[in-house]
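Each residue of the sequence shown is one higher than the last, beginning at 1 in the UniProt record's numbering.
Glycine included, each C-beta is placed from N, C-alpha and C at the ideal position.
Because the structure is a prediction, the values reported are computed rather than measured.
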Amino acid sequence: MRSINRTGLVSGTGLIIAALSATVAALIFPIWSYADRAGTGLDTLNAQSVSTQFGPLSALDREFVTKVRLAGLWELPAGQQAEERGTTQAVKTAGAHLVEGHTFLDARVRNVAARLGLELPNQPNAQQRGWLATLDAAHGTDYDQKFANILRRAHGKVFSVVAQVRANTRNSLVRDLADDANTTVLDHIKVLEATGYVDFDALAQDAATASPPPLTASPAPPGPTESPDSPVPVTPAGTYPLPPAASRPKG
1 MRSINRTGLV
11 SGTGLIIAAL
21 SATVAALIFP
31 IWSYADRAGT
41 GLDTLNAQSV
51 STQFGPLSAL
61 DREFVTKVRL
71 AGLWELPAGQ
81 QAEERGTTQA
91 VKTAGAHLVE
101 GHTFLDARVR
111 NVAARLGLEL
121 PNQPNAQQRG
131 WLATLDAAHG
141 TDYDQKFANI
151 LRRAHGKVFS
161 VVAQVRANTR
171 NSLVRDLADD
181 ANTTVLDHIK
191 VLEATGYVDF
201 DALAQDAATA
211 SPPPLTASPA
221 PPGPTESPDS
231 PVPVTPAGTY
241 PLPPAASRPK
251 G
């Protein structure tokens, strides 16, 4: 009788130990499997980053450099147009700030791209060309309203991207460019709001319903690049010239 009880006790203890071991294994395995598997955020960051003398250059860094160039390609002509066609001094002043700010930023981004060996676009994208066409067709107060709201909405979206890049980049050139972009974009937001035409309710609704925008195709990693084509004229053409073409990176 005693033997039977002893055997049962040993058997029960073994079951408890086995259950505890299984529980610990279940807790440890997800941690081990997640850290070991490919496709995590860290794996993606490392796979999409390239080494430069200024620090690692991520895909987001390259996208940001491209977006700074694209912004100048349409906002500078839009600013020049607003200086001439705005019906209030506030709209004309906002246009002047756009011209000054993006003339400065375009020179900065061209220098950064050349030092990192990145190729830059030389014409606005389809959406930006559409915005310029909308402005070109507007007149009077309608122009003032469209100018203030289209530009304010675009700057608001860029502002969040600048903050993300500034907070996370490991590249010193990109970090400095983000500092300059942050100052410039905030200035433009303020002068656009000072026109009195910005519809803040529409901005809030747009932010609440907008889906995450698709990523802009990142330029190739640093290395030999082909000389980009000359800037392609866009609407409005002639009177409102594009920034100069991006030059070929010097070896």
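Shown here, V50 sits in a strand according to DSSP, grouped into three states. Excluding sequence positions up to five before and after H102, its CB lies within less than 8 Å of the CB of A71, G72, E75, L76, G79, T184, P243, all in the same chain and listed in chain order.
In this structure A178 is buried. Its beta-carbon is surrounded by 16 or more other beta-carbon atoms within 10 angstroms.
Under a 10 Å Cβ-count criterion, G140 is classified as exposed, with fewer than 16 other Cβ atoms of the shown protein chains found around its own Cβ.
In the three-state reduction of the DSSP assignment, L118 falls in the coil class, being assigned neither a helical nor a strand state. N149 counts as buried, since at least 16 other C-beta atoms from the protein chains shown sit within 10 angstroms of its C-beta.
Buried is the label assigned to F147, since at least 16 other Cβ atoms lie within 10 Å of its Cβ. Taking the CA atoms as reference points, L173 sits about 16 Å from L120. R152 places its beta carbon 8 Å or farther from that of E100.
Taking C-beta atoms as the reference points, A154 and V68 fail to come closer than 8 Å.
Shown here for H97: same chain residues with a beta carbon closer than 8 Å to its own, the five before and five after excluded, namely G79, D187, H188, V191 in chain order. Shown here for R166: same chain residues with a beta carbon closer than 8 Å to its own, the five before and five after excluded, namely R175, A178, D179, N182 in chain order. Using a Cβ distance threshold of 8 Å, T195 and D61 do not count as a contacting pair.
A82 places its beta carbon 8 Å or farther from that of A90.
Ranked by Cα distance from A113, the first of T88, T52, V65, F200 is V65.
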